[in-house]
Each structure stands twice: as C-alpha cells, then as structure tokens.
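The block underneath contains the structure these notes are about, expressed in structure tokens.
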Amino acid sequence: MRRKIVAGNWKMNTLPAEGIELACGVAKGKGEVCDCVNLIVCPPFTHLYSVIDRLRDTDIAVGAQDCATEVKGAYTGEVSAQMLAALGCEYVILGHSERRQYYGETSETLNKKMARAYESHLTPIYCVGENLEERESNRHFEVVKAQIEEVVFNLTDLQFSKLVIAYEPVWAIGTGKTATAEQAQEIHAYIREVLRSKFGAAAEQCPILYGGSCKPSNAAEIFSQEDVDGGLIGGAALKAEDFIAIGKAF
Ligand code: PGA
Numbered sequence: 007m008r009r010k011i012v013a014g015n016w017k018m019n020t021l022p023a024e025g026i027e028l029a030c031g032v033a034k035g036k037g038e039v040c041d042c043v044n045l046i047v048c049p050p051f052t053h054l055y056s057v058i059d060r061l062r063d064t065d066i067a068v069g070a071q072d073c074a075t076e077v078k079g080a081y082t083g084e085v086s087a088q089m090l091a092a093l094g095c096e097y098v099i100l101g102h103s104e105r106r107q108y109y110g111e112t113s114e115t116l117n118k119k120m121a122r123a124y125e126s127h128l129t130p131i132y133c134v135g136e137n138l139e140e141r142e143s144n145r146h147f148e149v150v151k152a153q154i155e156e157v158v159f160n161l162t163d164l165q166f167s168k169l170v171i172a173y174e175p176v177w178a179i180g181t182g183k184t185a186t187a188e189q190a191q192e193i194h195a196y197i198r199e200v201l202r203s204k205f206g207a208a209a210e211q212c213p214i215l216y217g218g219s220c221k222p223s224n225a226a227e228i229f230s231q232e233d234v235d236g237g238l239i240g241g242a243a244l245k246a247e248d249f250i251a252i253g254k255a256f
C-alpha cells in the first residue's frame, strides 16, 4: 500500500495572520479526512514557524516551498535545508515549475537542493511536468523522463525510498485546465515505469501526486486512478474547506 498524500502549496500567498488562520481551518477539518491520508501544508518561509507551532498537536505535516543549494554561509537571502529542519519542517517542495521557469532552476541546481534536503532529513516533494508546447508536440514523456533521470536517478536506494514525486503539467497549473483522469494515469504509470527501471520494486512504494487545477469537484476522479497517490494543490489549498474536501476525495 502506497502512502496517500494531499499537500497544499500556498505559493506566495497569505500574510502571517491569514496563514495561521488557514492552518487552523485545516486542523479543524482534519477529522473529516481519512487517517490513511497524510495532509501537508507548505506556507511561505515567513510564517512557517507560526504554522508549525499551531499544528504541533495535530498530525498535519509542514513543508517549505524551496531550500538553498548550499549548506550555509555568505548566500544573502537564501534559506538552508538545515534551518527548515530546525524549525520543524518535514518536507520541502523542489523543482516546482515556477522555480524552473522564473528562477532558472536546472537539474544541476536541483541535484544540490536534493542533497541538502536529505542531509537535513527533509523529505523532498520533487516536481516534474511538461509545458503546453511539449504536450502538444507529444514530447511530454521524454521531458518528464529527463527530469527524473537527471535528478532522481542520482539518489541512493535509501534516499529514493523516502522520495515523493509530483507530476504537474505546466499547462494545468493555475489555469483551471486539468489533465483528464486518463491523461494523469497514463503519465503517472509511465513515471513509475521509469522509476522501476532504476530502483526496481521500490518504485511501487513511491507516492506520485498529481498537481494542476485540482479541486474538490475533480479530485475524486483523478485520485481514483491506480498510479495517482494524491495531489499537490495550489489555488484550492488556500481555502481550508476546499483543501479538506480534496483530502476527503479518497
Ligand atoms: P494549482 O497549482 O492547483 O493552483 O493549479 C498547483 C501547483 O502549482 O502546485
């Protein structure tokens, strides 16, 4: 049985007080969600600690949205994996398409960030996904394969056993367009096959989340697919009731 995960990526949204209120709302609704589902919230850096503090007595985990490539030192503006772990973060989103697209993150950068995350015992949620042009020219399989080969294939078996992957087609992020359940299953199964070619049977245990305009009205259908183990939720994670409704979609 693979772990089921619903993770909220708040992106650069909510001021501290709003973030705390959102976290409290999620905590309040958690009882409605099956215990078999791991809920994770990923607030901005500025209120990570307040949210961790509020969620201390719950089983809702907290993740960051990024971490530095370096361990420590003269890197103005950066936040290290070790700092995040010291706050009580358990997860870190790495390789989100917005970071790849707007901040020039490459496989080289991401290999470093993955190493830092594991050194600090953070679980990476590694994001992959193709853009519209790549999908339309039928190159989505090769794009996703390269994103996995160039980064995930460098992990040890032990590191891989802790990894979470999120497949997020760029054309579906924040656009209201969602991959169909069949499209999601097709590429999730493909991702698992690529993982199997390197890590063997351990690939069966790796949670692969879907992300891209996932909402209460479409989550159940997407999550019902065999190789979809949950979701990485953007917009709909900003309303506690929607996030909880997605958690209940399993
Ligand atoms: P969205 O974002 O749910 O708003 O499409 C998902 C994501 O980027 O993680």
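Count along the sequence shown from 1, then add 6; that gives the number in the working numbering. Even glycine gets a Cβ: it sits at the ideal position worked out from N, Cα and C. This one's a predicted model, so the numbers in the text were calculated from it and none came from an experiment.
- prompt: Excluding five sequence neighbours on each side, which residues of the same chain lie with their C-beta closer than 6 Å to the C-beta of residue 205?
  reply: By one-based count along the sequence shown, residue 205 stands at place 199. Apart from the 5 residues on each side of it in sequence, residue 205 sits with its Cβ closer than 6 Å to the Cβ of 166 in its chain, given in chain order.
query: For residue 37, does the count of other Cβ atoms within 10 angstroms reach 16, so buried, or fall short, so exposed?
result: Within the sequence shown, residue 37 is the residue found at index 31, counting from 1. The residue in question, residue 37, is exposed, as its Cβ has fewer than 16 Cβ neighbours within 10 Å.
message: Are the CB atoms of residue 99 and residue 292 within a distance shorter than 8 Å?
response: Given a span of 7 to 256 for the chain in the structure shown, any question on residue 292 remains unanswerable.
Outcome for residue 8 when other beta-carbon atoms lying within 10 angstroms are tallied against a minimum of 16: For the purposes of this step, residue 8 is taken as the residue at position 2 of the sequence shown. So residue 8 ends up on the exposed side.
message: When you measure from the CB of residue 174 to every non-hydrogen atom of the ligand PGA, does any distance come out below 7 Å?
response: As a working mapping, residue 174 is identified with position 168 in the sequence shown. Under cutoff, so the answer is yes.
query: Going by alpha carbons, who is nearest to residue 63 out of 215, 32, 216, 116?
result: By one-based count along the sequence shown, residue 63 stands at place 57. Of 215, 32, 216, 116, the residue nearest in Cα terms is 32.
message: Please classify residue 139 as buried or exposed, where buried requires at least 16 other C-beta atoms within 10 Å of its C-beta.
response: Here residue 139 corresponds to residue number 133 of the sequence shown, with the count starting at 1. That one is exposed.
- prompt: If you run the structure through DSSP and keep just helix, strand and coil, what is residue 144?
  reply: As a first step, residue 144 must be located in the sequence shown, where it is residue number 138. In the structure shown, residue 144 adopts coil according to DSSP, grouped into three states.
Inter-residue Cα distance where the pair is residue 72 and residue 150: In the sequence shown, residue 72 corresponds to position 66, counting from 1. In the sequence shown, residue 150 corresponds to position 144, counting from 1. Residue 72 and residue 150: Cα-Cα distance of roughly 20 Å.
- request: Tell me residue 131's beta-bridge partners as DSSP assigns them.
  value: Counted from its first residue, the sequence shown places residue 131 at position 125. Residue 131 is bridged to 99, 170.
- prompt: Does the Cβ-Cβ distance between residue 250 and residue 15 come in under 8 Å?
  reply: Within the sequence shown, numbered from 1, the residue matching residue 250 stands at position 244. Within the sequence shown, numbered from 1, the residue matching residue 15 stands at position 9. Between residue 250 and residue 15, the CB-CB gap reaches or exceeds 8 Å.
message: Taking contact to mean 3 or more Cβ pairs, one atom from each stretch, closer than 8 Å, check whether the stretch 109 to 120 and the stretch 188 to 198 are in contact.
response: no
message: For the alpha helix (DSSP H) containing residue 200, name the first residue and the last one.
response: Here residue 200 is taken as the residue at index 194 of the sequence shown, counted from 1. From DSSP, the alpha helix (DSSP H) with residue 200 extends over 187 to 205.
message: Going by DSSP in three states, residue 35 sits in which element: helix, strand or coil?
response: Counting from 1 along the sequence shown, the entry for residue 35 is found at position 29. Helix.
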